[in-house]
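Notes for the one structure printed next.
Numbering (full-length UniProt numbering), first residue to last: 1 to 536.
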């Protein structure tokens with residue numbers, strides 16, 4: 001399962017994502033043909049009109065910033081629901097409904113954000129600070145927005161000004177606001193639908209909701225009231241749910257869909273003269289969750305689990321030694337991915353090149369188990385969202401682990417069921433991941449901090465909590481934060497409740513007649529200026 005995460009990881013509304021790619025400064029340059037070297041070619045001219053057919057990797061869950069739990073939901077939301085900030089092509093936070101970066105007080109406890117004037121929600125309701133206050137409070141109640149940091153109060157002193165009063169200095173603030181948790185919904189629709197907002201969401205955005213056919217498609221159309229509608233070319237977007245990796249590739253080649261993020265075998269698709277394939281350095285990670293203390297459910301105080309994997313850090317370290325990280329990348333054809341033991345990617349300014357075994361060492365793993373007095377085989381249940389790609393990965397991990405003295409039984413389930421089991425702690429190990437963040441805190445704290453919103457493994461370690469909290473508070477000193485994150489990563493690898501396999505790449509494939517879209521390192525596609533080309 002993959003967290004804000006595609007089939008998993010449940011991303012309530014983490015304000016979130018990634019680094020590297022193209023574009024510059026605070027602006028986004030649509031390209032549609034971004035090469036891996038980061039250069040930005042000229043965009044092909046596009047015409048007005050037409051509906052772009054987009055392939056999704058899984059059925060979205062809630063199309064609601066406060067409740068979404070999957071990357072595919074985020075893909076749809078990005079097209080129709082603007083936030084205070086968004087993730088740019090280089091992974092930077094770019095102002096969207098905000099005007100400029102937050103103005104933070106000297107003590108780090110107050111952040112003032114200026115808002116766009118003359119903006120309407122797609123139902124005609126005015127966009128103002130009161131609407132922002134309502135959405136941020138709603139998102140904060142039901143998600144992990146502002147991970148580990150209390151928002152004591154949100155004020156709306158003027159229609160174009162919102163003020164956040166923080167409990168403590170918080171370096172990841174702008175990154176949080178660049179994710180789903182910073183998206184703003186229409187107060188009229190929130191009042192009308194409440195928790196069912198995702199059944200017919202209304203936001204500020206270039207596209208607006210039309211309909212949904214469960215398990216099949218979601219349709220959006222161009223907004224008539226969007227503040228920048230002159231730069232929107234498409235009549236609409238038609239998101240097609242195609243979970244099977246091979247089927248998604250066939251649909252691209254056959255022209256049944258026009259574009260897809262995370263395309264199957266991007267390297268192979270590059271040989272198709274009808275397709276443009278873009279691959280850039282990503283900011284996410286994939287790995288394995290090991291349940292060490294989630295007994296009563298995520299969010300409840302961790303308790304000891306009486307299994308060898310739960311009680312022995314050495315057993316978990318041995319499991320990490322059993323993994324051939326490059327082989328897993330090859331299995332998933334992950335262009336741009338790189339073997340890693342760190343959730344912070346090399347593209348981040350906070351990366352600190354931790355040592356990581358790239359090849360499996362089953363002999364060393366067995367020796368470690370023997371020294372720790374752990375009886376083999378070490379048995380457990382691996383819960384996996386049942387897509388073909390996830391199942392193949394699980395089977396590969398199962399085989400690698402078997403060579404080192406582990407015996408995992410794979411249990412597959414649909415995304416919704418897997419999420420329930422993950423939240424309930426009904427697993428020994430499961431595949432997981434994250435698609436990248438603006439700030440490294442969101443790649444770490446939600447998953448391994450004691451109070452983390454995605455702490456499905458039931459991790460609880462005072463020293464790790466201290467290191468992560470200290471790094472969050474270092475709002476201006478990059479070197480100090482980097483050192484703290486290096487110590488935190490060492491602690492995470494020592495405890496091994498989260499085992500990272502590799503840092504992910506970011507890819508998209510589109511028909512040659514599609515241009516103007518923006519691919520981010522977090523695997524999100526921005527369709528605001530996308531369209532069909534005017535010529536060959």
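C-beta: ideal position from N, C-alpha, C; glycine also. For clarity, every value in this text was computed on a predicted model and none was experimentally measured.
Does DSSP put residue 510 in a helix, in a strand, or in coil?
-> strand
Look at residue 151 and residue 162 and say whether their C-beta atoms are less than 9 Å apart.
-> no
Nearest CA to the CA of residue 325: which residue from 504, 514, 64, 113?
-> 504
So what does DSSP say about residue 344, is it helix, strand or coil?
-> coil
Taking Cβ to Cβ, would you say residue 286 is nearer than 9 Å to residue 337?
-> yes
Just curious, the beta strand (DSSP E) that residue 413 is in, first and last residue?
-> 406-413
Taking the DSSP output, what are the residues bridged to residue 183?
-> 83
Cβ-Cβ separation, residue 429 to residue 497 (assumed contact under 8 Å), whole Å = Actually they do not touch by this definition, with Cβ atoms about 10 Å apart.
Which of helix, strand or coil DSSP assigns to residue 94 | strand
In angstroms, rounded to a whole number, what distance separates the CA positions of residue 495 and residue 176?
-> 27 Å
Across which residues does DSSP place residue 432 in a beta bridge pair?
-> 287
Which whole-angstrom value is the C-beta distance of residue 62 and residue 182, which I expect to be below 8 Å?
-> The pair is not a contact, with the Cβ atoms about 16 Å apart (cut-off 8 Å).
Any contact of the segment 293-310 with the segment 337-356, i.e. 3+ C-beta pairs under 8 Å?
-> no
Give me whichever residues DSSP pairs with residue 236 in a beta bridge.
-> 51, 221
I think residue 508 touches residue 525, with their Cβ atoms under 8 Å apart; what is that distance to the nearest whole Å?
-> 6 Å
Euclidean distance between Cα positions of residue 213 and residue 415 | 17 Å
Bounding residues of the alpha helix (DSSP H) (the contiguous stretch that carries residue 619) = This structure cannot speak to residue 619, because the chain is shown only from 1 to 536.
For the putative contact between residue 284 and residue 453, defined by C-beta atoms under 8 Å, what is the C-beta separation to the nearest angstrom?
-> Not quite, the Cβ-Cβ distance comes to about 17 Å (not below 8 Å), so this is no contact.
For the segment 105-157, which segments carrying the alpha helix (DSSP H) assignment without a break, of at least 4 residues, lie completely within its bounds, in sequence order?
-> 129-142
In the DSSP assignment, what residue or residues form a beta bridge with residue 422?
-> Beta-bridge pairing links residue 422 to no other residue.
Just the C-alpha distance for residue 346 and residue 487, rounded to the nearest angstrom, thanks.
-> 16 Å
Count the other CB atoms within 10 Å of the CB of residue 232; is the residue buried (16 or more) or exposed (fewer)?
-> buried
Indicate whether residue 223 and residue 187 have their beta-carbon atoms separated by less than 9 Å.
-> no
Can you tell me whether DSSP reads residue 211 as helix, strand or coil?
-> strand
Straight-line CA distance for residue 82 to residue 427?
-> 36 Å
What does a CB cutoff of less than 7 Å around residue 251 pick up in its chain, not counting 5 residues either side in sequence?
-> 55, 242, 257
Mapping DSSP to helix, strand and coil, what is residue 274?
-> coil
Determine the direct distance from the alpha carbon of residue 263 to that of residue 529, and round the result to whole angstroms.
-> 21 Å
Give the single residue among 403, 68, 371 whose Cα lies nearest to the Cα of residue 140.
-> 68
Keeping to the same chain, check which residues put their C-beta closer than 6 Å to that of residue 147; ignore five residues upstream and five downstream.
-> For residue 147, the pLDDT reaches just 49, beneath the cut-off of 50, and the residue's location in the model is therefore unreliable, although a value from the coordinates is still provided. Only 445, 446 meet the Cβ criterion.
Do you know offhand how far residue 417's Cα is from residue 408's?
-> 19 Å
Cβ shell of residue 303 (< 8 Å), same chain only, five flanking positions each side left out = 293, 295, 296, 458
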